[in-house]
């Protein structure tokens, strides 16, 4: 794996797992009032487009990272709506 | 511009502007208790790596999208710390 690929892998991993602490915090506190619903909708839509993009260019790293990111953010979105 | 590039452009635009509503909400409400500090740190680090990646592969869309995303998230992070 070239250095540049390692850099991309680290970036993808960080911007994917970053949403896990938010998911855990929202689950624990049962509160998401300060989290923007518009952000969650817009971000989920964008990540879905990245997922389509990854499928079209047949890039497994893009597919895997955005699939997980989409799952995490859809879960945060559902908790946000539930606790609203 | 090929269809696939348009898809990537839309994805990049959405996952960049998505953070603007969160920034405005946090600025207006002066409250970010429900937003995870660990998420913000991890996400900012990951976006910074994407920025480096974009510079290395000399891709202006990756550079532009991640530069803006980093700015928005660093602002949200600073407001989060200020109102904590």
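Protein chains in written order, with my numbering: chain A, -17 to 66; chain B, -17 to 66.
Virtual Cβ for every residue (Gly too), placed ideally from N, Cα, C.
_Less than 8 Å between the beta carbons of residue -1 of chain B and residue 24 of chain A, yes or no?_
In this structure, the beta-carbon distance from residue -1 of chain B to residue 24 of chain A falls below 8 Å.
By the 7 Å beta-carbon criterion, what residues does the stretch 23 to 54 of chain B contribute toward chain A? Along the stretch 23 to 54 of chain B, the positions whose C-beta sits under 7 Å from a C-beta of chain A are 24, 25, 27, 28, 29, 31, 32, 34, 35, 38, 39, read in chain order.
Less than 8 Å between the beta carbons of residue 16 of chain A and residue -13 of chain B, yes or no?
No, these two residues do not count as a Cβ contact at 8 Å.
Spatially closest choice to residue -9 of chain A from B:14, B:33, B:60, by CA coordinates:
Measuring from the Cα of residue -9 of chain A, the nearest candidate turns out to be B:33.
- Query: From which residue to which residue does the alpha helix (DSSP H) around residue 40 of chain B run?
  - Reply: Looking at the DSSP string, residue 40 of chain B is not in any alpha helix (DSSP H), and its letter there is neither H nor E.
For this session: If I'm right that residue 5 of chain B touches residue 57 of chain B with Cβ under 8 Å, what's the distance once you round it to whole angstroms?
Result: Confirmed, about 6 Å.
* Asked: chain A beta carbons: is any one of them nearer than 8 Å to that of residue 21 of chain B?
  -> Yes - at least one Cβ of chain A is within 8 Å of the one on residue 21 of chain B.
(message) Beta-carbon within less than 7 Å of residue 29 of chain B's beta-carbon, same chain only, minus the 5 sequence neighbours each way: which residues are those?
(response) The answer, listed in chain order, is 48, 51, 52, 55.
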